Structures are given as structure tokens and as C-alpha cells.
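Enquirer:
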């Protein structure tokens, strides 16, 4: 092992990073590109967060105070688009870039130049999309699900830029996925069989296949929109023989697997953090892998549960209800396995572990509301109310987002060679935890009481819960600015980190020095079971 | 039992929210129909099963967090799999799901029991209002009207106190009788809307080009309110649904008089009006149908909603202006109002537009002009 590390240091002198801006523009190094992805996604997260705060400020009280309805709709739409495509997805790709090569013992990603391209597409895609907010007629205002014909015949003129931006994001995601699959399948160190791969690598392998399967579907949907808008076709125009409901089928055939694209890597991250801080091997590794694969398969046959109210025949409703309920089984297996991993472990509660435990608890709550939403006859009452908003924010914020934050704290010492400030990290956790619950828990109640989604103003009986929710949103928003401070402070003045930064951390990445050298594993490491299986 | 548990959960939640929320805001409404009560019971069943599972599963988690700490000197165990346990927590949840699926299927099947209706009403969504048409061959389906939100702008912009039914008040209620099976045929004219009456437990999307079905039987007379629940553009939040459920005899009397007054109005529709009459009616029609896009002062919101004040159309040839309002502009948000308004309303609103907001064309638009224009096409 020590020879390997030594060889890495030697290579470091020969092929160090370029200087200045060129390093970041032309880099083909997986660590540099991972860093770019992570900072980009954090910037998008802050922008998307500001839009969310505009929404919550307007909803603080009944009546219109700050923005007009047409601008409000642009805020909800762009908040969703930026958070999904700009914050969560690129953050996971960034983590994959940093971690997958180190975890499988590869020197870099399989396709380094394409890696550079798939990142550098994103700033242009989002630059274009966000620029539409400043155009005459405004930006996308039809919800992140952009249902036709509101997004075609009735859309603002800037919709064409939105379509092109979505195409670019899709191209970036597909290239990123191809790269991850090629890396995982071809570049594993000798001895790392598929069933010895770390869970994060497994979840990303499956996620990458989901992306390749569904991003072209999304591209097809927006292309048909483009044709409806500019070339007088009638894919989604009922007056010309088209079908607005077909749009929803296509959108959700992309959209439901997309939901799992945003949560499977989170499952992987949590499956690393909980064993590390419980000092105990992950419980049920094999069933964890099969559970992820089952969830991925099921994600393709449940899409119309987003559309229970469009008027499907009874048989269709029943099929989608049953298949959706079935997802609870593999998801339950994952939760049970995480808890069994904690059971009779020797736990400590550093910041990554706090975020991981909050993930398990709050994601489970989001799972329960998901199960309730799957029950078609009651979904009629929940559909398109704040109950749905509460549900998907519970799985996306304390779900996907908390896992990303946990991952940043967990691997931060490996990336930077510095330790973050534990006290500040814990303050960040508790602020986020309180903020997220104060924001989203009351939304269950306003939804059950009957408040529809995506409205800029509401009847008086929803006033109390909206006020609480808005207070929570500002707590949560400010605590993420605090996160930025914690990270910058730790990069500048954190204490030096050990190579194996956590007592219970297992995996090839922890055998590397901290910070990980610019080029790692130029010679394949020896894969030992006790290291990779924990 | 259920209600006691509910009260406990409600109480806890109310305490959590510092006592500012009343208990009926904390849960789904029971509603007033057999279906809505079945839905409520199903909701509570699923919810309580979830709570029970949550208490057990998260209870184990929290016990572990408290007991299995390094700071208590616990040495980590080494077990990492158990086929029996893993099989058990795959099979048991599957069985619980089957238990949930049975009542869910029963309620859904009951909801799909359409047919055998006593009366039918077509519900048509527009940006941003609902049109209700009583489908009744005896009267040649003539009774149809729009139901538009009547909450004043002053309340929305916080210039006057908000009324009790803020955003939930309309200019004309949809009226239905008690104890009769009413079938709703739901569609839309422009974009997708969704028609929802929470107290009846029914919701369906209104999709252009599609006719969706819903039905209800209400036992309790009263006024029931809901909102559009599918994002349909700018004023999505401002198209409430209000129904008045009337005792049968009362409904029949109302219906007969409403149909009569409608046919009287239809007969005199072509009568010529004075400038003052046109301006008065035109202003009212403008406020209901035009102002949400073109604004009360006619300035519009460029470029999607052009200004009427000073516009070339409103100051150009009258028949061009009339036909634009009648036929709409394809591919834009400008609807074909010929389908929504009668000739008197069309004539007066065009007359108003040509003689308000600083426009001063001075010509007259009469109902007969609209009829001639429509016949000429």
C-alpha cells in the first residue's frame, strides 16, 4: 500500500494542475471537475433558494404584497427547475466525479475530455434559462412540469430558450452518465467484483442507467413542444387532434425515474456514513443492492400516479396504485437495513452522522406521505395541494439535499486535507433540521385543509400555517448561507485531517493521503475485503 | 376510537403550532357525501397504519441512538446479515400493503360507479373562470352561465379588509339539488384546469379536447367552496368553485325561474341600446372578462397581454375589432369570446373599449352588428 501512495506523490510532480483560470476551463481531472460541479450546484442552490424565499415572502400573509401573480409563477417554476436540474443533480454528479474513481481504485474517469464538456455545458444552459427571467414577457411560468398547452400555445415567447436549455441539460446528464457507467464497468481495480462495490458506486451505476433511459424522453417531450410552438404541429394541441394528456404521460415517464435519480445516490451516501459512525459493517449489503435495482425497475411503471386526476379508466388507476404501493417494499428494506446497521453499533454523532440520521427519519416520513398519496381515492383529495408540496419537499430537502450536505462533511477532509469545525457543523445541522421541519411540516396541514399548490394568494383559513412555513423557510435559507461560511472557514483554516479521517471509515478512498493527490491510483490498489466490505 | 386518536394527534399538533390553529384545519375534511366520508375513513386508516409503523420503526432507531453509543462504552457488534429477518421485513410490509389496497380498491370502484344520473351539468374551465351548462333537452340546453371570482381587487391588494370568503366568492353559484345524482362532465377551453369540491370528495382535471366524468349525491343543503387545482396561468389562484346545494323543491323552483328569465333575456338580445347603456354594461363585462389580462385601466401587460388604451385595433375599423373579440387570436391567450358572451355583451364591451381609457372613436356597436357579423361569416 505504501508503494502505491509513494507512486502517487511521484506522479503528482510530473502532472500537477495547470495554473489560474485555465486549470478550471481545460481540466480533465476528475477531482477538479468534481469540485466545479459541487461549487456550481451550490451557486444554483443559493439562486433557487432566493426564488423560494420570494415565494415564501409573498405567501407570508394573504393578499398580494411583493410580487404579481405572473412573476410568482415564474418563481415557482424556476425554483423547481433550478433545484432539480441545477442543484441536486449536478451535486450528485460532482460527488460521483470525486468519489467513484477513488472508490473503485481508478486513476480518473473513463472519458476525461467528455467529462469536461459535460460540466461546461451547464453554466451556459442555466445562464440561458435564468436570462429568460429578464426578457420581455418573462421566463418559464408554467410550473417545473411544464404541462402543455400552458407551456406551448399559452407560454411566454422565451419558452424557446427554456427548451434549448433543457436540451443542453439533458446532453450534459447523458454524457455524465455514460462516463460514470464506463468508469464503473471498465476501471475497477482488480479484485473489486460487482458485489464488492461500495454502495455509492452501485447506486450511481443504477442511477446512470436511469438517466440514459429517461433524458432522451424528456428531450423528445421538449422537441414536440418546440414543433407545436414554431412549426404548427399539434402533438399536444387538442384542436389539431393532439392530446394534452399525452404530454403528461411522456413528461412523467421521464419524471418518475427522475425522482429516483435524485434519491438513489442519496441512499448510497447514507449507506457509507451510517456504517462509518456506527463502527459496524453495513447490514444486508446484498439486499441493499437488490432493493436499489428493484426501486429503479419500479420507477418505470408507476409514472401515472402523478396523473390520477386526469381521467384514466379504472383499470389504469388500479394498476398505477398497486405498482406505486409496491415501491414501499424495497424502500422499507433500505430503511430497515440502515436501522439494523445502527443497532448495537458503537455510535458517535459527528455532523455527517447527524445529517444521515435526519435523512433516515425525515425521508421515512416523506415515504409515508408518499404511500398515502399512492392510494388513488384519497389522492383525489391530496392531488395538487400543499400535501403534495410537503411530501416531495420531505424527500428532496431532508432527503436528497441532506445526503449531499452529509457527503460534503464526510468527505471534506479527504478532498481538502482539512477538518471542518465540528461545533459549527453541528450548529448548521440543528438550524437546518429545525428550519426544514418548521417550513414543510405545516404544509401537510394546509394541504389537508385544501390549499392548492402554485397559488400566489390564498383564502384566510390557510394564513396561520403559511406564516409558520415562511418563518421556517427564512431560517432554513439563512442556515445554508451559514453552511457556506463553515465550508470557506474550514478550507482556509481547518485543522489538518488524517488519511483515514473517521475512525470507522472504510473504502479505498480512505487509503489515500488527505488531501487526495491530484492523481490517485495510477497503479491499481490491492482490494482487501475488510476494506471494501467494511 | 379513531376519533379519540385523531383528537390526541390534533391536540399535539395544535400545541406545537402554539395554539393558533383550530382543530379542523389539521386534517382532511369529512365532507358531506357518502363518498367523501369513505375517502376520509380510508385516509384515516392509511394514516394510522403509517403512524403505527413509524412509531415502531423510528422507535427502534431512537432507542439505538440512545443506547448504542460509543460514549457509553458500547463495543460494536459484528452481525451484518440475517436472511430470516430480511425475508420477514419484505413479506410483512407486502401483507400490510395488501390490507391497505383492499379498502382503497373498494372506494375507488364506488367512485367509478357513474351512470343512473338524475341530471347532468357540463363544467368548462377557461382562463380564469368556470362555465356551467345544465344539460337539459327540455330547454334545449340553454341555461349556461359563467361563474367568475367576485373578490374585489382592493381586498387582494390589501387596500380594504378581506371578507370572510376571501378568494372563495363568485358572481353566480352553481346550484344543484339535494339527494339527486348529479353528473358533471368536465372539460376546458384553453389550458388544463382542475375542478375540485373538497366537501364532496371529488376532483377531476378539465382537459381541452377531453370530457371527464364525476358524480355526486349531496344530502346536506349548503354552500360548498373549492378552488382550481391545476396551474392554469396567471390567475390560477383566482378561479374558485362555489356550489349551492338546495332542497329539491327549492331547486326546481329556482331552475324554472332561471330558465324563464334566461329566455326572456334571449328574446330581447338584439334590441338597440343607448351609448350610456352600452358603456354601463360594457364596463361590467370588461371588469369580469377582460380586466384580468388587459387590466382595469386597459394598459395590459406587454407583450403577452397588449394594451387596449391607444391600441390600433380599438381605434381602427369597428368590425375588425368586433371580429377579433368574437374569434380570438389563434396561438395566443386571447380567447374567442363569441363562444362565451352574447351579442349584447359583445357589442357593449367593444363599444366600451372604443370609448374608454382615452380611446375616443365615437362610433356605436350594437347587438345587431354582432349578429350580422356572425351571420356574414
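Residue numbers (this note's numbering), protein chains in the order written: chain A, 1 to 534; chain B, 1001 to 1377. Glycine included, every Cβ here is placed at the ideal spot set by N, Cα and C. Just so it is clear, the structure is predicted and the values come from calculations on it, not from any experiment.
For residue 379(A), which residues in the same chain have their Cβ closer than 6 Å to its Cβ, ignoring the five residues on either side in sequence?
Expert: On the first chain, position 379 is the one that residue 379(A) refers to. 308, 373, listed in sequence order.
Enquirer: Kindly confirm or deny that the stretch 492-505 of chain A and the stretch 408-419 of chain A touch, where touching means at least three C-beta pairs closer than 8 Å.
Expert: These segments touch.
Enquirer: For residue 194(A) and residue 1079(B), what's the separation of their Cα atoms in angstroms?
Expert: As a first step, residue 194(A) must be located in the first chain, where it is residue number 194. As a first step, residue 1079(B) must be located in the second chain, where it is residue number 79. For residue 194(A) and residue 1079(B), the distance between alpha carbons rounds to 22 Å.
Enquirer: Please decide whether residue 386(A) counts as near chain B, where near means a Cβ-Cβ distance under 8 Å.
Expert: For the purposes of this step, residue 386(A) is identified with residue 386 of the first chain, where counting begins at 1. Chain B, which has no Cβ nearer than 8 Å to the Cβ of residue 386(A), makes this no.
Enquirer: Does DSSP classify residue 285(A) as helix, strand or coil?
Expert: Residue mapping note: residue 285(A) aligns to position 285 of the first chain, counting from 1. If DSSP states are grouped into helix, strand and coil, residue 285(A) belongs with the helices.
Enquirer: For residue 1122(B), report the span of its alpha helix (DSSP H) as first-last.
Expert: Your numbering for residue 1122(B) matches position 122 in the second chain. Element bounds for residue 1122(B): not the alpha helix (DSSP H) but the beta strand (DSSP E), 1119-1126.
Enquirer: Is the CB of residue 1372(B) under 8 Å away from at least one CB in chain A?
Expert: In the second chain, the residue the question calls residue 1372(B) occupies position 372. Chain A, which has no Cβ nearer than 8 Å to the Cβ of residue 1372(B), makes this no.
Enquirer: By the criterion of Cβ-Cβ separation under 8 Å, what are the contact partners of residue 136(A) in chain B?
Expert: For the purposes of this step, residue 136(A) is identified with residue 136 of the first chain, where counting begins at 1. Neighbours of residue 136(A) on chain B, chain order: 1302, 1303.
Enquirer: According to DSSP, is residue 453(A) part of a helix, a strand, or is it coil?
Expert: Taking the first chain and counting its residues from 1, the one referred to as residue 453(A) is at position 453. Residue 453(A) falls in the coil class under three-state DSSP.
Enquirer: Let's see if you can read the secondary structure: which residues bound the beta strand (DSSP E) around residue 1371(B)?
Expert: Counting from one through the second chain, the residue named residue 1371(B) turns up at place 371. Careful: residue 1371(B) lies outside any beta strand (DSSP E), inside the alpha helix (DSSP H) at 1367-1376.
Enquirer: With distance defined between alpha-carbon atoms, name the residue in 1227(B), 1123(B), 1362(B), 1315(B) nearest to residue 1279(B).
Expert: Within the second chain, numbered from 1, the residue matching residue 1279(B) stands at position 279. It is 1362(B) whose Cα lies nearest to the Cα of residue 1279(B).
Enquirer: Does chain A have any CB closer than 8 Å to the CB of residue 1023(B)?
Expert: Against the second chain, residue 1023(B) aligns to sequence position 23. The pLDDT assigned to residue 1023(B) is 49, lower than 50, so where the model puts this residue is not dependable, and the model offers no usable value.
Enquirer: Starting from residue 186(A), find everything on chain B with Cβ-Cβ shorter than 8 Å and list it in chain order.
Expert: In the first chain, the residue the question calls residue 186(A) occupies position 186. The contacting residues do not exist; residue 186(A) stays about 29 Å from chain B at best.
Enquirer: Hey, how far is the Cα of residue 472(A) from the Cα of residue 53(A)?
Expert: Along the first chain, read from residue 1 onward, the residue named residue 472(A) stands at position 472. Along the first chain, read from residue 1 onward, the residue named residue 53(A) stands at position 53. The straight-line gap from Cα to Cα measures roughly 10 Å.
Enquirer: Only counting the same chain, and skipping five residues up and downstream in sequence, which positions put a Cβ closer than 7 Å to that of residue 327(A)?
Expert: As a working note, residue 327(A) is residue 327 in the first chain. Only 295, 298, 302 meet the Cβ criterion.
Enquirer: Between 31(A), 50(A), 122(A), 270(A), which has its C-alpha nearest residue 409(A)'s C-alpha?
Expert: As a first step, residue 409(A) must be located in the first chain, where it is residue number 409. Of 31(A), 50(A), 122(A), 270(A), the residue nearest in Cα terms is 270(A).
Enquirer: Please return the same chain residues whose Cβ sits closer than 7 Å to the Cβ of residue 257(A), not counting the five positions on each side in sequence.
Expert: The residue given as residue 257(A) occupies position 257 in the first chain. So the qualifying residues of the chain are 210, 213, 214, 299, 300.
Enquirer: Closest Cβ-Cβ distance between residue 457(A) and chain B: below 8 Å?
Expert: Stepping through the first chain from its first residue, residue 457(A) is reached at position 457. Yes, its Cβ sits closer than 8 Å to a Cβ of chain B.
Enquirer: So, with DSSP's three-state summary, where would you put residue 29(A)?
Expert: Working through the first chain from its first residue, we reach residue 29(A) at position 29. DSSP places residue 29(A) in coil when its eight states are reduced to three.
Enquirer: Classify residue 1098(B) as buried or exposed, calling it buried when 16 or more other Cβ atoms lie within 10 Å of its own Cβ.
Expert: Taking the second chain and counting its residues from 1, one reaches residue 1098(B) at position 98. With fewer than 16 Cβ atoms within 10 Å of its Cβ, residue 1098(B) is classed as exposed.
Enquirer: Kindly list the residues whose CB is nearer than 7 Å to the CB of residue 1358(B), restricted to its own chain and excluding five residues on each side of it in sequence; keep chain order.
Expert: Residue mapping note: residue 1358(B) aligns to position 358 of the second chain, counting from 1. So the qualifying residues of the chain are 1309, 1310.
Enquirer: Kindly indicate which three-state DSSP category residue 1332(B) falls into: helix, strand or coil?
Expert: Working through the second chain from its first residue, we reach residue 1332(B) at position 332. It is coil, neither helix nor strand.
Enquirer: Is it true that the CB of residue 505(A) sits closer than 8 Å to the CB of residue 276(A)?
Expert: As a first step, residue 276(A) is located in the first chain; it is residue number 276 there, counting from the start. As a first step, residue 505(A) is located in the first chain; it is residue number 505 there, counting from the start. Their beta carbons are under 8 Å apart, which means residue 276(A) touches residue 505(A) by this criterion.
Enquirer: Could one say the Cβ of residue 437(A) lies closer than 8 Å to chain B's Cβ atoms, at least one of them?
Expert: The residue you call residue 437(A) lines up with position 437 of the first chain. Residue 437(A) does not count as touching chain B.
Enquirer: Which one of 1167(B), 1327(B), 1183(B), 1332(B) has the shortest CA to CA distance from residue 1338(B)?
Expert: Counting from 1 along the second chain, the entry for residue 1338(B) is found at position 338. Closest by alpha carbon: 1327(B).
Enquirer: Which same chain residues end up closer than 8 Å to residue 1031(B) when comparing Cβ atoms and leaving out the 5 residues on each side of it in sequence?
Expert: Position 31 of the second chain, counted from the first residue, corresponds to residue 1031(B). Excluding sequence neighbours, residue 1031(B) sits near 1037, 1039, 1040, 1198, 1199, 1200, 1201.
Enquirer: Which residue comes first and which comes last in the alpha helix (DSSP H) that contains residue 1166(B)?
Expert: Mapped onto the second chain, residue 1166(B) falls at position 166. No alpha helix (DSSP H) contains residue 1166(B), which DSSP labels as neither H nor E.
Enquirer: Would you list the residues sitting across from residue 495(A) in a DSSP beta bridge?
Expert: Taking the first residue of the first chain as 1, we reach residue 495(A) at position 495. The partner list for residue 495(A) (beta bridge, DSSP) reads 419(A).
Enquirer: Using DSSP's beta-bridge definition, name the partner residues of residue 1182(B).
Expert: For the purposes of this step, residue 1182(B) is taken as residue 182 along the second chain, with counting starting at 1. Answer is 1119(B), 1216(B).
Enquirer: By Cβ distance below 8 Å, which residues in the same chain neighbour residue 1254(B) in space, the five residues on each side in sequence not counted?
Expert: Reading the second chain from its first residue, position 254 is the one you call residue 1254(B). Within the same chain, residue 1254(B) has close Cβ partners 1175, 1246.
Enquirer: Any chance the stretch 467-482 of chain A sits against the stretch 433-451 of chain A, with 3 or more Cβ pairs inside 8 Å?
Expert: Contact between the stretch 467-482 of chain A and the stretch 433-451 of chain A is present, because at least three Cβ pairs lie under 8 Å.
Enquirer: Do residue 160(A) and residue 82(A) have their beta-carbon atoms positioned less than 8 Å apart in this structure?
Expert: To locate residue 82(A), count along the first chain from 1; it is residue 82. To locate residue 160(A), count along the first chain from 1; it is residue 160. Not in contact: residue 82(A) and residue 160(A) (Cβ atoms no closer than 8 Å).
Enquirer: At 8 Å on the CB atoms, spell out the chain A contacts of residue 1290(B), in chain order.
Expert: Along the second chain, one-based indexing puts residue 1290(B) at 290. The contacting residues do not exist; residue 1290(B) stays about 16 Å from chain A at best.
Enquirer: Pick helix, strand or coil for residue 533(A), following the three-state DSSP scheme.
Expert: Numbered from its first residue, the first chain carries residue 533(A) at position 533. In this structure, residue 533(A) counts as coil in the three-state DSSP scheme.
Enquirer: Residues of chain B with CB closer than 8 Å to the CB of residue 73(A), please, in chain order.
Expert: Taking the first residue of the first chain as 1, we reach residue 73(A) at position 73. Simply 1231, 1233, 1234, 1236.
Enquirer: Excluding the five sequence neighbours on either side, which residues of its own chain have a C-beta within less than 7 Å of the C-beta of residue 1179(B), listed in chain order?
Expert: For this step, residue 1179(B) is matched to residue 179 along the second chain. For residue 1179(B), where only same-chain residues beyond five positions count, the Cβ hits under 7 Å are 1217, 1219, 1248.
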